[in-house]
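Numbering (the UniProt record's numbering), first residue to last: 1 to 238. Structure record follows, encoded as structure tokens.
Encoded structure:
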């Protein structure tokens, strides 16, 4: 039952899938988190694994960078493999003044400069929002873990460009309460809505676009996402 981008059989994926962007990060998460993790797909090096956590089935798979890549994998997982919920777990650049490097953001909604969702409903500005139940499960887990002021919920922006930003846009987004920027969540939320599925993004702030003094190093980005991973797992298994 392989799709153009996933070489797996029916039942290979759990109902819930964690999706970091980097397939190697997916492998590290699977090896450190899952019991009896097994590789279920590796097409184009995009690794996917399935195992269990506390006896509950869970999968982990890379998504690649950007909204088109995430949309491909989310569409095939939702439509062909019986997946019911996808939780993006990754890093983001802070925008809000209340957000600091190392904090965790639960993205309840995602603005975007992308055209990915514009054609879904002609004449309508589609609202890309997370599943409320998943967001609440992640938030409760953060509160129970004592994260306090390091835990944030609210809107983010999913951009298409990594190196290009219109002058003044980031400052305006901050003024409108946007917490951080990344490159995938808005498309994920659109695909989930298309298939009546559940989706959420839980993000670690790795740098701040308005204050770069405390930005993480490349090595730190790989090691300081345990808090967001803990919340993503809580949502996935809720």
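C-beta atoms are modelled at their ideal positions from N, C-alpha and C, and glycine is treated no differently.
- For the set 53, 70, 91 and 10, the Cα lying nearest the Cα of residue 61 is the one of 70.
- The criterion of a C-beta distance shorter than 9 angstroms is not satisfied by residue 200 and residue 25.
- The secondary-structure analysis by DSSP pairs residue 202 across a beta bridge with 89 and 106.
- Residue nearest to residue 157 within the set 7, 66, 45 and 23 is 66 (criterion: CA-CA distance).
- Taking C-beta atoms as the reference points, residue 85 and residue 193 fail to come closer than 9 angstroms.
- Restricting attention to 4, 212 and 91, the CA atom closest to the CA of residue 79 is found in 4.
- Sequence-distant partners of residue 191 (beyond 5 residues in either direction) whose C-beta falls short of 7 angstroms from its own C-beta, in its chain, are 71, 74, 75 and 78.
- Secondary structure of residue 183 (DSSP, three-state): coil.
- With a minimum length of 3 residues, the unbroken runs of beta strand (DSSP E) contained wholly in the segment 26-69 fall at 35-41, 48-53 and 56-61.
- In the DSSP assignment, residue 3 falls outside any beta strand (DSSP E) and carries neither an H nor an E.
- For residue 157, the beta-bridge partners assigned by DSSP are 111 and 181.
- Annotation for residue 29: 18, 20, 60 and 229 place their beta carbon closer than 7 angstroms to its own, counting only its chain and skipping 5 residues before and after.
- In this model, residue 151 and residue 108 are separated by some 13 angstroms (Cα to Cα).
- Within the DSSP bridge table, the entry for residue 151 names 104 as partners.
- Contact holds between the segment 175-192 and the segment 95-110, because three or more Cβ pairs, one in each stretch, are under 8 angstroms apart.
- Ranking 114, 170, 1 and 162 by CA distance to the CA of residue 188 puts 114 first.
- Nearest Cα to residue 195 within the set 23, 131 and 95: 131.
- In the structure shown, residue 83 falls within a coil segment according to DSSP collapsed to helix, strand and coil.
- DSSP places residue 18 in the uninterrupted beta strand (DSSP E) bounded by 16-19.
- By the neighbour-count definition (other C-beta atoms within 10 Å, threshold 16), residue 217 is an exposed residue.
- Judged by their CB atoms, residue 58 and residue 236 are nearer to each other than the 9 angstroms cut-off.
- Between the alpha carbons of residue 13 and residue 168 lies a gap of roughly 43 angstroms.
- About 6 angstroms separates the beta carbon of residue 202 from that of residue 138, a gap short enough to meet the 8 angstroms contact definition.
- When beta bridges are read from the DSSP output, residue 129 appears opposite 109.
- When DSSP states are grouped into helix, strand and coil, residue 211 belongs to the coil group.
- DSSP, reduced to helix, strand and coil, places residue 190 within a helical segment of the structure shown.
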